[in-house]
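Q: Residue numbering for the sequence shown follows this note's numbering, starting at 49 and increasing by one per position.
Backbone N, C-alpha and C define an ideal beta-carbon position, used for all residues, glycine too.
Remember, it's a predicted structure, so these values are computed and weren't measured experimentally.
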Amino acid sequence: MLEERTFEEIKTEYVNAREKERKKIADYLKDNGYSVVGETGGKGRTNYKSGKNCIKPYDLSNWKWVEASKDGFNYFISLQAFDRDPGSGNYHALMDRIGICAYTGEYKEAHIASSMKISDIDLPLSETDLIKLEEALKSERERRESHE
Numbered sequence: 049m050l051e052e053r054t055f056e057e058i059k060t061e062y063v064n065a066r067e068k069e070r071k072k073i074a075d076y077l078k079d080n081g082y083s084v085v086g087e088t089g090g091k092g093r094t095n096y097k098s099g100k101n102c103i104k105p106y107d108l109s110n111w112k113w114v115e116a117s118k119d120g121f122n123y124f125i126s127l128q129a130f131d132r133d134p135g136s137g138n139y140h141a142l143m144d145r146i147g148i149c150a151y152t153g154e155y156k157e158a159h160i161a162s163s164m165k166i167s168d169i170d171l172p173l174s175e176t177d178l179i180k181l182e183e184a185l186k187s188e189r190e191r192r193e194s195h196e
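1. Nearest to Tyr96 by alpha carbon, out of Val85, Leu108, Gly86, Asp170?
2. Any idea if Arg53 is buried or exposed, counting beta-carbon neighbours within 10 angstroms, 16 or more meaning buried?
3. Residue range of the alpha helix (DSSP H) that Lys165 falls in?
4. Based on Cα-Cα distance, which residue from Lys186, Cys149, Ser174 lies nearest to Trp113?
5. From Asp79 to His195, what does the alpha carbon distance come to, in whole angstroms?
6. Who are Gly147's beta bridge partners in DSSP?
7. Here's a check: name, in chain order, each residue in its chain whose Cβ is nearer than 6 Å to the Cβ of Gly90, leaving out the five neighbours to either side.
8. What is the rounded straight-line gap between the Cα of Gln128 and the Cα of Glu51?
9. So, Lys118 versus Gly81, is the Cβ gap smaller than 8 Å?
10. Considering just the uninterrupted stretch of the alpha helix (DSSP H) at Glu183, what are its terminal residues?
11. Roughly how many angstroms separate the alpha carbons of Leu178 and Glu193, rounded to a whole number?
12. Quick one: measure Cβ to Cβ for Leu30 and Ile166, integer angstroms, because I've assumed they're closer than 8 Å.
13. Between the beta-carbon of Asn110 and the beta-carbon of Arg70, is there less than 8 Å?
14. If we ignore side chains and look at the alpha-carbon of each, how far apart do Glu215 and Ile73 end up?
15. Considering only their Cβ atoms, is the gap separating Leu181 from Asp144 smaller than 8 Å?
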């Protein structure tokens with residue numbers, strides 16, 4: 049008989065699996081000439097309190113991203129893409145869908161969220177997906193450069 053796992057055990061496995069994917073992206077980018085901020089990228093705080101809203105602390109550590117740069121251009125690669133439904137105006141976080149923002153200058157969170165390009169790459173990532181990600185970074189850079 050299979051042992052029944054608790055919700056928390058499954059959630060921990062999922063967070064760990066996403067962390068492996070984040071490291072996979074960071075390692076691939078480093079191996080291909082990108083500088084990566086931090087060892088493996090970023091993740092949300094474990095004690096998020098929503099500023100002045102005074103909510104009970106929330107574990108945001110499953111919110112993951114990688115910040116990288118190459119040749120004077122910066123990239124924010126999110127392991128969850130942000131979307132706004134044009135019909136309803138509702139906001140969505142597309143978990144395990146890669147979102148990309150390419151920019152120059154300083155990181156600004158509001159700018160990142162509003163200019164994120166939603167890719168068609170989903171976790172888990174294969175070697176082909178990582179190549180596709182790098183191609184998407186190059187494409188997004190070219191798109192941004194043509195608009196500046």
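A: From the atom records:
1. Residue 96 sits at position 48 when you count from the first residue of the sequence shown. Taking only the C-alpha atoms, the option nearest Tyr96 is Leu108.
2. The count along the sequence shown starts at 1 and reaches residue 53 at position 5. By the beta-carbon neighbour count (other beta carbons within 10 angstroms, threshold 16), Arg53 is exposed.
3. If you number the sequence shown from 1, residue 165 lands on position 117. If you look at Lys165, you'll find it isn't in any alpha helix (DSSP H); it sits in the beta strand (DSSP E) that goes 165-170.
4. Here residue 113 refers to the residue found at position 65 of the sequence shown. Among Lys186, Cys149, Ser174, the Cα nearest to that of Trp113 is on Cys149.
5. Along the sequence shown, one-based indexing puts residue 79 at 31. Along the sequence shown, one-based indexing puts residue 195 at 147. About 29 Å.
6. Position 99 of the sequence shown, counting from 1, holds the residue named residue 147. Its beta-bridge partners are Ser126, Ile166.
7. For this step, residue 90 is matched to residue 42 along the sequence shown. Within the same chain, Gly90 has close Cβ partners Trp113.
8. For the purposes of this step, residue 128 is taken as residue 80 along the sequence shown, with counting starting at 1. For the purposes of this step, residue 51 is taken as residue 3 along the sequence shown, with counting starting at 1. Answer to the nearest angstrom: the Cα atoms are 31 Å apart.
9. Within the sequence shown, the letter at position 70 stands for residue 118. Within the sequence shown, the letter at position 33 stands for residue 81. Yes.
10. Counting from 1 along the sequence shown, the entry for residue 183 is found at position 135. Start and end: 175-195.
11. Stepping through the sequence shown from its first residue, residue 178 is reached at position 130. Stepping through the sequence shown from its first residue, residue 193 is reached at position 145. Here the alpha carbons of Glu193 and Leu178 stand approximately 23 Å from one another.
12. Because the chain spans 49 through 196 in this model, residue 30 falls outside it and cannot be assessed.
13. For the purposes of this step, residue 110 is taken as residue 62 along the sequence shown, with counting starting at 1. For the purposes of this step, residue 70 is taken as residue 22 along the sequence shown, with counting starting at 1. For Asn110 and Arg70, no; Cβs fall outside 8 Å.
14. Here the chain comprises residues numbered 49 to 196, so residue 215 is not present and cannot be evaluated.
15. As a position in the sequence shown, residue 144 is number 96, starting the count at 1. As a position in the sequence shown, residue 181 is number 133, starting the count at 1. Taking 8 Å as the Cβ cut-off, Asp144 and Leu181 do not qualify as a contacting pair.
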